[in-house]
Amino acid sequence: MIKLLIHVATLPLWVTGLSQTDKVHQTPTAILKGPEDKVNLSCSHTDSNYYRILWYQQSSQNTALKLIGYVRYTSPMVEDSFKGRFDVSGDAAANKMAYLHFPKVTEAEDSAVYFCAASEAQCFTIPSLLYKNPL
Numbered sequence: 014m015i016k017l018l019i020h021v022a023t024l025p026l027w028v029t030g031l032s033q034t035d036k037v038h039q040t041p042t043a044i045l046k047g048p049e050d051k052v053n054l055s056c057s058h059t060d061s062n063y064y065r066i067l068w069y070q071q072s073s074q075n076t077a078l079k080l081i082g083y084v085r086y087t088s089p090m091v092e093d094s095f096k097g098r099f100d101v102s103g104d105a106a107a108n109k110m111a112y113l114h115f116p117k118v119t120e121a122e123d124s125a126v127y128f129c130a131a132s133e134a135q136c137f138t139i140p141s142l143l144y145k146n147p148l
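Heads up, the sequence shown is in our numbering, so the first residue is 14 and it goes up one at a time.
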């Protein structure tokens, strides 16, 4: 039986370049799971100004961080490339918690380092995308 090692780590908060890792906590720190096993990771923060918790994956084949998804307030979002393999949930504002769920470990690349980070929720609207130009 193949066992996959999943490491978890915490990214610093993104606040004007300052590292505030003491305000973000992730559990468990390392787990060993077999194929088809369920995995649940949790992330919490203590800053009342942060309303978004993000989840990233860093595989051994590619050191770049890939955004899995995030919870903004209570609204979860999973990137298309991770849909069906991962779920995110939680309440990043009131409870300051978010969860990353693997319904089952199915791929070798699931053996990776997982990071969570917290940040201010940001929304941008681009007027040119909202209004049709009559010209």
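Cβ coordinates follow ideal geometry from the N, Cα and C atoms, glycine included.
Keep in mind it's a predicted model, so treat the numbers as computed, not measured.
Residue i: which of the options sits nearest, CA to CA?
i, options, result
"Ala-105", "Ile-44, Ser-55, Gly-47", "Ser-55"
"Tyr-112", "Asp-123, Glu-120, Asp-50, Val-91", "Val-91"
"Ile-88", "Thr-76, Gln-74, Gly-103, Gly-97", "The identity of residue 88 in the sequence shown is Ser, whereas the question assumes Ile. That would be Gly-103, whose Cα lies nearest to the Cα of Ser-88."
"Arg-65", "Ile-44, Gly-82, Ala-121, Ser-124", "Gly-82"
"Ser-124", "Asn-53, Ser-73, Lys-36", "Ser-73"
Can you name the start and end residues of the beta strand (DSSP E) that residue i belongs to?
i, result
"Lys-117", "That residue, Lys-117, is in no beta strand (DSSP E); it is neither H nor E in DSSP."
"Gly-103", "100-104"
"Phe-128", "125-132"
"Lys-46", "43-46"
"Asn-53", "52-58"
Hey, how far is the Cα of residue i from the Cα of residue j?
i, j, result
"Asp-93", "Trp-68", "14 Å"
"Lys-109", "Phe-128", "16 Å"
"Asp-60", "His-38", "12 Å"
"Leu-17", "His-58", "Here Leu-17 scores only 48 on pLDDT, less than 50, and its place in the model should not be relied on; the value that follows carries that caveat. Spanning the two alpha carbons is a distance of roughly 27 Å."
"Ala-43", "Lys-51", "14 Å"
"Glu-122", "Ala-107", "33 Å"
"Lys-46", "Glu-120", "12 Å"
Does the beta-carbon distance from residue i to residue j come in below 7 Å?
i, j, result
"Ser-132", "Tyr-86", "no"
"Val-101", "Val-126", "no"
"Phe-115", "Phe-99", "yes"
"Pro-48", "Val-118", "yes"
"Leu-80", "Gln-71", "no"
Ordered list of beta strand (DSSP E) runs contained in the region 64-89, each at least 3 residues: Counting whole runs of 3 or more residues, the region 64-89 contains the beta strand (DSSP E) stretches 65-72, 79-85.
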